[in-house]
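> Reading the sequence shown from the start, the letters are residues -19 to -1, 1 to 416 in mature numbering (1 follows the signal peptide of the UniProt record, and there is no 0).
Ideal Cβ positions, reconstructed from N, Cα and C, are used throughout, including at glycine.
All values reported here derive from a predicted model rather than from experimental measurement.
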Amino acid sequence: MSRRLALCATLLLFGPADAQLNRATYDHSGWAAETRGGRGGRIIKVTNLNAIGPGSYREAIEAEGPRIVVFEVGGVIDMGGRNMTIRHPFLTIAGQTAPDPGITVIKAETNIAAHDVIIQHLMFRPGEFGRAKRSGADQDGISTIGGAHRVIVDHCSFSWATDENLSVGGPRFDGATPEDWRRNTSHQITYSHNLIYEGLAHSVHEKGEHSKGTLVHDNATGILLYANLYASNLERNALFKGGVQAAMVNNLIYNPGAKAVHYNLVAHEWQGHAYQTGKVTLVGNVYRQGPDTRPNTTLFALGGHGDVELFLQDNIAIDDSGKAVAQTGVYTAGRARIVKAAEAYLPPGLRIIPAERLEDELPLAVGARPWARDPVDFKLLSDVAESCGKIIDSERENAIGYPTYPPTRRPFVAADWNLHDMSPSAGWHSLFKPR
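1) From residue 179 to residue 137, what distance separates their C-alpha atoms?
2) Closest to residue 391 by CA distance: which of 17, 40, 35 and 51 is it?
3) List the endpoints of the continuous beta strand (DSSP E) containing residue 281.
4) Going by DSSP in three states, residue 213 sits in which element: helix, strand or coil?
5) Under the assumption that residue 18 contacts residue 134 (Cβ atoms under 8 Å), give the Cβ distance between them as a whole number of angstroms.
6) Leaving out the 5 sequence neighbours to the left and right, which residues in its chain are closer than 6 Å to residue 175 when beta-carbon positions are compared?
7) Whose CA, out of 70, 284 and 129, lies closest to the CA of residue 309?
8) Go ahead and label residue 277 buried or exposed: buried means 16 or more other beta carbons lie within 10 angstroms of its beta carbon, across all protein chains shown.
9) Taking residue 154 as the reference, give the member of 222, 93 and 69 with the closest Cα.
10) Can you tell which of 202, 41 and 77 has its C-alpha closest to the C-alpha of residue 399?
11) Can you say whether residue 80 is buried or exposed, counting buried as having 16 or more other CB atoms within 10 angstroms of its CB?
12) Out of 324, 303 and 297, which one is the CA nearest neighbour of residue 291?
13) When we look at the beta-carbon of residue 401 and count the other beta-carbons within 10 Å, is it buried (16 or more) or exposed?
14) Distance, Cα to Cα, residue 403 vs residue 122?
15) From 366, 356, 369 and 116, pick the residue whose C-alpha is nearest to that of residue 381; which is it?
16) Please classify residue 85: is it buried, with 16 or more other beta-carbons within 10 angstroms of its beta-carbon, or exposed?
17) Taking the alpha carbon of residue 83 as the point to measure from, which residue in 147, 353 and 156 has its own alpha carbon closest?
18) Quick check on the DSSP output: what are the complete beta strand (DSSP E) runs of length 3 or more inside the region 339 to 393, in order along the chain?
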């Protein structure tokens, strides 16, 4: 696929063909839409691929104050198992500024413990990197922690996590009331246009099997999963825990193993606390079974003991031969009930396309840098198109494995970018030339 074709496809999904690229690729949606990110802050340039030290990615994200992180280098950042935590707010990480092949972060997880954070156009591939099975030190791709809020992770690619690929975390019961719980855990989070795939199953997680897509932790509120593609994760595509208030809109879920979308308030985790009814809205999603999907796996399944208000509209659920499958079911004998929601739980102004168009348009626009696909992402999208691929135990089972690109370099020119949102300026054609 040419870069220009991919860019045009992005426009088709998110706006008319004569719209500017910045409206299509850099539009912020959801309850996190008002995030500032690093707007107005200083520009910090990543100038090398070192794991630590001056000019490194780690140094940039750990800096204080409003900041926009840009890249004058492309290639692979090998963190060697050392995780990263974003602790200071008002940050934009603009992976779109890197020269081809972009930035791939391997052998690490990234935690977001701050507010007003935007991350775009990076590839996160933790992997097991030779560690013993069930040895612990499992890693997410990205997770929010604490009371992170006004966070957007957009147009990124996640694979080979040994815990969840992309999650929303935080404390369950910080405070005296349910309102306190919601305020003090992660809230106002948007995960949009991401590729989320091949969570590793029998790898380093001490519990054993752990191929998981996205976990949204108890009482998280204002969570939007928008226009993402989930593929070949055994479970949690996504999992919403007790009391969550969230929407999944225009996502494609392919080849889950045991569960696609599910909700579960776990009784022993809530001991001593009043159960809260969750709110989950599913609109315009497509769920397609694959070679690893267990028979009778529904689009949405309820487990545990807490009720959930569920709103369903315009979702497609089919098996690998195109036959419709059930959209709802249960997987435990708990007391929980699915309550039909009177209205959708959705952020205002969200653009939604019909589910019947999703498989034509989403694969062309989703993931990091669709104008210059990473080979790992390209293979995944080919697997989805051909109804193949599988759930794997190690990154070594992927035919490509960790990328080994030589470093590339290109000076960052501020005039090439609209600094208020890091979309390309009118001269973007010089940055994104077709092959």
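Concretely, from the data shown:
1) Here residue 179 refers to the residue found at position 198 when the sequence shown is read from its first residue. Here residue 137 refers to the residue found at position 156 when the sequence shown is read from its first residue. Whole-angstrom Cα-Cα distance: 15 Å.
2) Working through the sequence shown from its first residue, we reach residue 391 at position 410. Of the listed residues, the one whose Cα sits closest to residue 391 is 51.
3) The residue you call residue 281 lines up with position 300 of the sequence shown. Per DSSP, residue 281 belongs to the beta strand (DSSP E) from 281 to 285.
4) In the sequence shown, the residue the question calls residue 213 occupies position 232. Three-state result, residue 213: coil.
5) The sequence position of residue 18 within the sequence shown is 37, counting from 1. The sequence position of residue 134 within the sequence shown is 153, counting from 1. Residue 18 to residue 134, Cβ: 11 Å. No contact.
6) Looking up residue 175 in the sequence shown gives position 194. The residues are 137 and 209.
7) By 1-based counting over the sequence shown, the position of residue 309 is 328. That would be 284, whose Cα lies nearest to the Cα of residue 309.
8) The residue labelled residue 277 in the question sits at position 296 within the sequence shown. When all chains shown are included, residue 277 counts as exposed.
9) Locating residue 154 in the sequence shown gives position 173, counting from the first residue. Nearest option by C-alpha distance: 222.
10) Here residue 399 refers to the residue found at position 418 of the sequence shown. Of the candidates 202, 41 and 77, the one whose C-alpha sits nearest the C-alpha of residue 399 is 77.
11) Indexing the sequence shown from 1 puts residue 80 at position 99. Buried is the call here.
12) What you label residue 291 is simply residue 310 of the sequence shown in a count that begins at 1. Looking at the Cα atoms, 324 is the closest of the given residues.
13) Along the sequence shown, read from residue 1 onward, the residue named residue 401 stands at position 420. Flag for residue 401 reads exposed.
14) Stepping through the sequence shown from its first residue, residue 403 is reached at position 422. Stepping through the sequence shown from its first residue, residue 122 is reached at position 141. Approximately 23 Å, taken between the alpha carbons.
15) Sequence index remark: in the sequence shown, residue 381 carries index 400 (1-based). The candidate whose alpha carbon is nearest that of residue 381 is 356.
16) If you number the sequence shown from 1, residue 85 lands on position 104. Label assigned to residue 85: buried.
17) On the sequence shown, position 102 is the one that residue 83 refers to. Comparing Cα positions, the closest option is 353.
18) none
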